[in-house]
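Taking it in order: structure first as structure tokens, then the write-up.
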Amino acid sequence: MATGVFSQGRAKISERTLRTDKWWVQPLITFLVLIAFIIYATLRAFENGNYFAEPLISPFYSPCLSTACVAGASLLGTPFGIIHIFGMVLSPALLILIFPLGFRMTCYYYRKAYYRSFWMSPPACAVAEPHSKYTGETRAPLIMQNMHRYFFYAGLVFNVLLTVDAILAFRNPEKQWGHMSVGTLVLLANATFLWFYSLSCHTCRHTVGGRLRNFSKHPLRYKAWTFVSKLNHYHQNFAWVSLLGVAFADVYVREVATHAITNWYFF
Amino acid sequence: MANLEKYSYDVVIVGAGGAGLRAAVEARDAGLSVAIVCKSLFGKAHTVMAEGGAAASMGNVNDNDNWMVHFRDTMRGGKFLNHFRMAELHAKEAPDRIWELEMWGALFDRTSEGKISQRNFGGHEYPRLAHVGDRTGLELIRTMQQRIVALQQKDKRETGDAEKNLKVFAEVTITDILKENGKIAGAYGYRRETGEEILFEAPAVVIATGGVGKTFKITSNSWEGTGDGHALALKAGANLVDMEFLQFHPTGMVWPLSVKGILVTESVRGEGGILTNSLGERFMFKYIPDVFKDKYADNEAEADRWYIDQDNNRRPPELLPRDEVARAINTEVKAGRGTEHGGVFLDVSKRLSAEVIKKRLPSMWHQFYELAGVDITKEAMEVGPTCHYVMGGVEVEPDTAAAVGVDGLFAAGEVAGGMHGSNRLGGNSLTDLLVFGRRAGMGAVEYVKSHGKNPVSAATLEKAATRIAAPFTRTGGENAYSLHQELQEVTHNLVGIIRTGAELTQAIEKIADIRKRSANISVTGDRKFNPGFHLAFDLDNMLLVAESTAKSALLREESRGGHTRDDFPGMNSTWRQVNHISSFDRDKVIVKAQPLPVLPKELFDLFDVHELEKYMTPEEISKGGSN
Amino acid sequence: MARTLKLRIWRGDDKTGGLQDVTVEANHGEVVLDIIHRVQATQMGDLAVRWNCKAGKCGSCSMEINGKPRLACMTQVASYPEDETITITPLRAFPVIKDLVTDVSFNYKKAMEIPSVEMPPGMKPGEPRMQQIDVERSQEFRKCIECFLCQDTCHVIRDHEENKKSFAGPRFFIRIAELDMHPLDILRNRKKSAQEEHGLGMCNITKCCTEVCPEHIRITDNAIIPMKERVVDEKYDPLRWLGSKIRKREGML
């Protein structure tokens, strides 16, 4: 049965879209960048090594919570022992990555990005999608998208931890304070981008004031809402910058840990 | 005719703008069954175009304001040709009509105390216009539309059928108001989508069809402003009053082409926009009439100070009533000091920052930026007079909005005459719709209660149906599009903003000729959504309107408000005592003079007698109004 | 100044139809609606098109131009390259009536299903007091000119006719948001009914509605997502749910 734009009664036009612009470029770029990130992140998460080079720790492995962690990397102790799966040691990254991953997976911006580029629902505006059925976010598993706010809270905890990591990077490899390296800047930038990404989030906007009916009775929350609303305008940009920031921080730490490059100190 | 759609209602309302919808709400609230018929989709009426606001003396911003001040402003604006009773009812009831909109979900801009904010506007002594940015008309139409839906939802809860007693017939054109035994019996028309005919039987019909702008070449009106209601009323035996008075909005865009005719709201001047000619002169100071000398600044310094301190300075002359501004621009252009496209410059970019302009005049900015690539925060606009509003219209009883001479016919809004006299103040039209829309609804309710049904006879039906079929039975006849263009040339050149006796005489002949040829219009294609077919009927209406306007204008040998005669440049107090009444004898429009109702003493006494001396004859002054 | 423009205009009805080639003159500064009018007056007297204000304020002349939902009166001819053929079709999410005119009654039915504003009992006209900052959010949504381009582009119904029963569409999500954010409206079940009756959960926030809105209403960011978050407050957030129960018991609400 013909449905969608080919339904009975609608104008008889055989093309799925009559758009003449390059509407497929945007979803294609999104797809390629996200897929590249996913492949890289997966490889790194399973690598279980080269994530720590005193005082720098990769954001993929922080906090490092298992006794499998390399010496000095476990800031919060090691509540987990070594876990074996199919005879392999479970990478400590896999214990924690679900949180930042969940935050991004349920993020209102990324949802748009991957629904369009991966699921093609729709691939672009006024371009007919290939699916014959559609139920949106009304059923499992997509109804879980409504849990976004819990991942947001978790994300805030990670932001604090990664900020601490950046502060700890004001030390030299001998753990003496008062030093700063390129790695310090990299971790600092990463933490900053993540803060902007979290604070500009739609759930944050709702929590600080969006849920109120009368702003005039809550002047401080109105101010906060106004501020977050401004950030929210750029949520998409922060989403990308912070994603690339995390990847870059990890690459940098790995390069230092494998001695491919030297973490150059300013002082 | 076999499959003729037939309906029976207590009231049929022709037109779904502010007035029609307000009438419908009133009639439905009183328990009547109501059909609303409109040419467009529901919610697209020309009311959406009103930008400035709705005038009502709520006194939220300046508590010196009250209905008497508003009444005085309205009469002054209309040059005392208004029907005093309409102006009085309007001034008294406008605040209630605004407040009730709020109860129906309208969200006006607020004062710091949380009341409805009010802004300044040309001709109004105090800040008086309730507004929402510059899209007040949209707010009004949407609120009324949603009120209709609310009533339908209530009917649904109570009777299970939302549309049984209140139904909107969108995209239906009414071609005839039907009468039986000398009284209203219903309305006949066709569905625009299918071309199929439709009959409404009803003892009361409310006409709320709006204006006539499409009669003219340059106009701010949409295609719907074809004077349907004016013509329907004439043909049904009602009268039109003072059709010579047309408001040419002083500031319509003259360039670029895609926005030609579109209004630049008066708020642009209210917020500090200034008018200059091609020599760079701020010319409005030269055109302050004597009657306004004490209210308007005669130098730039004082005019500029007014924006900061309104109590101790006179207003800038850019805020003079519309006709004065229109005439001034016209004079400048004719004297060769206009822009290359025949307008003058209106500039708001020099006084206000880009941010403030975007905040206070958002849709103005948006509109010109998107429609024509003009950025009003950076450059001046090119503006000139555009046909905007018709003051004349169906002659009605003020209290009931009943059309004089036809039992069961009512008219409200722009299609009704009398309220605005020779010139309408900006902001008065939106409240006019609400005040008299409600009164027309009330009038219809009273009428229906005291008169029973009045069935339509087969003969009447036959006649109405024949008329609709006619254009298809002819081949090789006249083209409706080209006749419409011819008519627009005639009105633009000969019945436009500045008129002379010789030109008007010529116009009357030419209009008669076009009307004769229009009887031979043929249409290509079939009945289904066929714009050529639609235009054939609209054109017939416009021809009657143009004839009425030209003939009334020829009779009035003076210049007043929206009627300017080059051969009779002054205002004449004897002419103020006269209304021009148009009627239709099945062949041509006949225009007669009729004495204007005399101002009663209590209203007369609201004015300073020296002010009245500028408008009235010594005899009228000595009488001091009627008792 | 003038240029010769090549057009393809869809003509037909609910049964048959196709694109027809037309060549027409275009002047400087003209919009697509000007061109359609010229075609109508000179070549196709019975070409059906809806329009009213020709100023981007009434939302009547919605159609698809080169495949994109747009207002014809807001689409500059100059925005297309000289040699490009402009393709004009009716909205593709709704049944076509004739040529460029579609049957948009779906939207009026949906409007009827959303409960109207309900003011506090006993409040009299003239009494409401509302602060500007409290009405501003709803005011943004009341800018809507009901052109229904958002409804047309929304894939939930554009690509799935069967969803029309259970999905109100972006235009009516902003209406619900407008009322839920109205400072005085007393109906408290708007969030729940948005999810359960009007299909808010069907929206996957792919933002096409926002992209096509000629009024630049930020439909997704300012109405749909805030409404989704409000729905979470009521339906999916155990902590909020618990909190509201406790506060209710202690009479804090």
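Protein chains in written order, with this note's numbering: chain D, 1 to 267; chain H, 1 to 627; chain G, 1 to 253.
Beta carbons: idealized from backbone N, C-alpha and C, even for Gly.
Here the structure is a predicted model, which means the values were calculated and not measured.
_Status (buried if at least 16 other CB within 10 Å, exposed otherwise) for residue 265(D)_ = By 1-based counting over the first sequence, the position of residue 265(D) is 265. With fewer than 16 Cβ atoms within 10 Å of its Cβ, residue 265(D) is classed as exposed.
C-alpha distance - residue 192(H) paired with residue 125(H), whole-angstrom precision: Sequence index remark: in the second sequence, residue 192(H) carries index 192 (1-based). Sequence index remark: in the second sequence, residue 125(H) carries index 125 (1-based). Cα-Cα distance, rounded: 45 Å.
Which two residues bound the contiguous alpha helix (DSSP H) that contains residue 366(H)? Here residue 366(H) refers to the residue found at position 366 of the second sequence. Segment 362-372, the alpha helix (DSSP H) holding residue 366(H).
Please identify the residue among 587(H), 413(H) and 244(H) whose C-alpha is closest to the C-alpha of residue 90(H). Locating residue 90(H) in the second sequence gives position 90, where the first residue counts as 1. Answer by Cα proximity: 413(H).
Open item on the list: Please list, in chain order, the residues of the segment 131-144 of chain G that have any C-beta partner in chain D closer than 8 Å.
Closed with: 131, 133 and 134
**Request:** With 7 Å as the limit, tell me which residues of the segment 178-189 of chain D have their beta carbon closer than that to any beta carbon of chain G; keep them in chain order.
**Result:** none
Problem set entry | Same chain, Cβ closer than 7 Å to residue 420(H), five either side skipped, listed in chain order | By 1-based counting over the second sequence, the position of residue 420(H) is 420. Closer than 7 Å at Cβ, skipping near neighbours: 78, 82, 391 and 428.
**Study point:** Local conformation of residue 218(H) per DSSP, three classes
**Key:** Along the second sequence, one-based indexing puts residue 218(H) at 218. Three-state result, residue 218(H): coil.
- May I have the straight-line CA-CA distance separating residue 176(G) from residue 608(H), to the nearest angstrom? Locating residue 176(G) in the third sequence gives position 176, counting from the first residue. Locating residue 608(H) in the second sequence gives position 608, counting from the first residue. The straight-line gap from Cα to Cα measures roughly 52 Å.
Q: Could you spell out the range, first to last residue, of the beta strand (DSSP E) harbouring residue 560(H)?
A: Stepping through the second sequence from its first residue, residue 560(H) is reached at position 560. No beta strand (DSSP E) contains residue 560(H), which DSSP labels as neither H nor E.
| task | Specify whether the segment 241-248 of chain H and the segment 387-405 of chain H touch according to this definition: at least 3 beta carbon pairs, one from each stretch, less than 8 Å apart. | result | yes
Under 9 Å between beta-carbons, which chain G residues line up against residue 528(H)? List them in chain order, please. Here residue 528(H) refers to the residue found at position 528 when the second sequence is read from its first residue. Those within 9 Å of residue 528(H) in chain G are 13, 46, 48, 97 and 98.
C-alpha gap between residue 79(D) and residue 29(D), whole angstroms: Indexing the first sequence from 1 puts residue 79(D) at position 79. Indexing the first sequence from 1 puts residue 29(D) at position 29. Roughly 40 Å between the two C-alpha positions.
Sorted by chain position, which residues of the same chain lie with C-beta nearer than 7 Å to residue 435(H)'s C-beta, five sequence neighbours on each side aside? On the second sequence, residue 435(H) is found 435 positions in, with the first residue counted as 1. Excluding sequence neighbours, residue 435(H) sits near 89, 90, 93, 94 and 97.
Margin query: Alpha carbons only, please: which of 104(G), 106(G), 48(G) and 125(G) is nearest the one belonging to residue 88(G)?
Written below: The residue given as residue 88(G) occupies position 88 in the third sequence. It is 48(G).
>> Assess contact between the segment 163-170 of chain H and the segment 179-188 of chain H, defined as three or more Cβ pairs (one per stretch) separated by less than 8 Å. Is contact present?
In response: no
### Task
Could you work out which residue in 253(D), 93(D), 235(D) and 179(D) is closest to residue 60(D) when comparing CA atoms only?
Within the first sequence, numbered from 1, the residue matching residue 60(D) stands at position 60. Nearest of 253(D), 93(D), 235(D) and 179(D) to residue 60(D), Cα basis: 93(D).
Do the segment 124-141 of chain D and the segment 13-23 of chain D meet, that is, are 3 or more Cβ pairs less than 8 Å apart? yes
- Query: Tell me, which residues are paired with residue 296(H) by DSSP?
  - Reply: As a first step, residue 296(H) must be located in the second sequence, where it is residue number 296. Residue 296(H) is bridged to 315(H).
Which bits of chain G does residue 200(D) rub up against, with CB to CB less than 9 Å? Start at 1 with the first residue of the first sequence, and residue 200(D) comes out as number 200. Those within 9 Å of residue 200(D) in chain G number zero; the least Cβ separation is about 11 Å.
*Near residue 234(D), what residues of its chain come up, given a Cβ to Cβ distance below 7 Å and the 5 sequence neighbours on each side ignored?*
On the first sequence, residue 234(D) is found 234 positions in, with the first residue counted as 1. Taken in chain order, the residues that qualify are 200.
Worksheet entry | Interface residues of chain D facing residue 92(G) [CB-CB closer than 8 Å] | On the third sequence, residue 92(G) is found 92 positions in, with the first residue counted as 1. By Cβ distance, chain D contributes 5, 10, 11, 13 and 126.
- Task: Drop a sphere of 10 angstroms on the beta-carbon of residue 616(H), count the other beta-carbons inside from all chains shown, and report buried for 16 or more, exposed for fewer.
- Result: For the purposes of this step, residue 616(H) is identified with residue 616 of the second sequence, where counting begins at 1. Result: buried.
Among all the DSSP beta bridges, which residues are the ones paired with residue 54(H)?
Counting from 1 along the second sequence, the entry for residue 54(H) is found at position 54. DSSP lists 130(H) as partners of residue 54(H).
**Study point:** Distance CB(residue 553(H))-CB(residue 495(H)) smaller than 8 Å
**Key:** Within the second sequence, residue 553(H) is the residue found at index 553, counting from 1. Within the second sequence, residue 495(H) is the residue found at index 495, counting from 1. Yes; because the gap between Cβ atoms is below 8 Å, this pair is in contact.
- Grouping DSSP H, G and I as helix and E and B as strand, with all else coil, what is residue 253(G)? Sequence index remark: in the third sequence, residue 253(G) carries index 253 (1-based). At residue 253(G) the pLDDT is 44, less than 50, meaning the model places this residue with poor confidence and gives no usable figure here.
- prompt: Does residue 127(G) come within less than 8 Å of chain D when only Cβ atoms are used?
  reply: By one-based count along the third sequence, residue 127(G) stands at place 127. No, because no Cβ of chain D sits closer than 8 Å to the Cβ of residue 127(G).
- Which value, in whole angstroms, describes the spacing of the CA atoms of residue 78(G) and residue 29(G)? On the third sequence, residue 78(G) is found 78 positions in, with the first residue counted as 1. On the third sequence, residue 29(G) is found 29 positions in, with the first residue counted as 1. One C-alpha to the other measures close to 7 Å.
Contact residues within the segment 561-591 of chain H, judged by C-beta distance below 7 Å to chain G: none
What's the call for residue 582(H), buried or exposed, on a 16-neighbour Cβ count within 10 Å? Here residue 582(H) refers to the residue found at position 582 when the second sequence is read from its first residue. Buried, by the Cβ-count rule.
Check your understanding: Is it true that the CB of residue 128(H) sits closer than 8 Å to the CB of residue 121(H)?
Key -> In the second sequence, the residue the question calls residue 121(H) occupies position 121. In the second sequence, the residue the question calls residue 128(H) occupies position 128. Cβ atoms of residue 121(H) and residue 128(H): closer than 8 Å.
Using CA atoms only, rank isn't needed, just tell me which of 513(H), 69(H) and 491(H) is closest to residue 503(H). Numbered from 1 along the second sequence, position 503 holds the residue referred to as residue 503(H). Cα-wise, what sits closest to residue 503(H) is 491(H).
- prompt: To the nearest angstrom, how far is it from the Cα of residue 253(G) to the Cα of residue 104(G)?
  reply: Counting from one through the third sequence, the residue named residue 253(G) turns up at place 253. Counting from one through the third sequence, the residue named residue 104(G) turns up at place 104. The predicted position of residue 253(G) is uncertain, since its pLDDT is 44 and thus under 50; no value can be drawn from it.
With DSSP run on the structure shown, which of helix, strand or coil describes residue 580(H)? On the second sequence, residue 580(H) is found 580 positions in, with the first residue counted as 1. Here residue 580(H) sits in strand by DSSP.
Could you spell out where the beta strand (DSSP E) holding residue 10(G) opens and where it closes? If you number the third sequence from 1, residue 10(G) lands on position 10. Residues 3-12.
Query raised in the report: Ends of the alpha helix (DSSP H) at residue 19(D)?
Result: Mapped onto the first sequence, residue 19(D) falls at position 19. First-last for residue 19(D): undefined, no H or E at that position.
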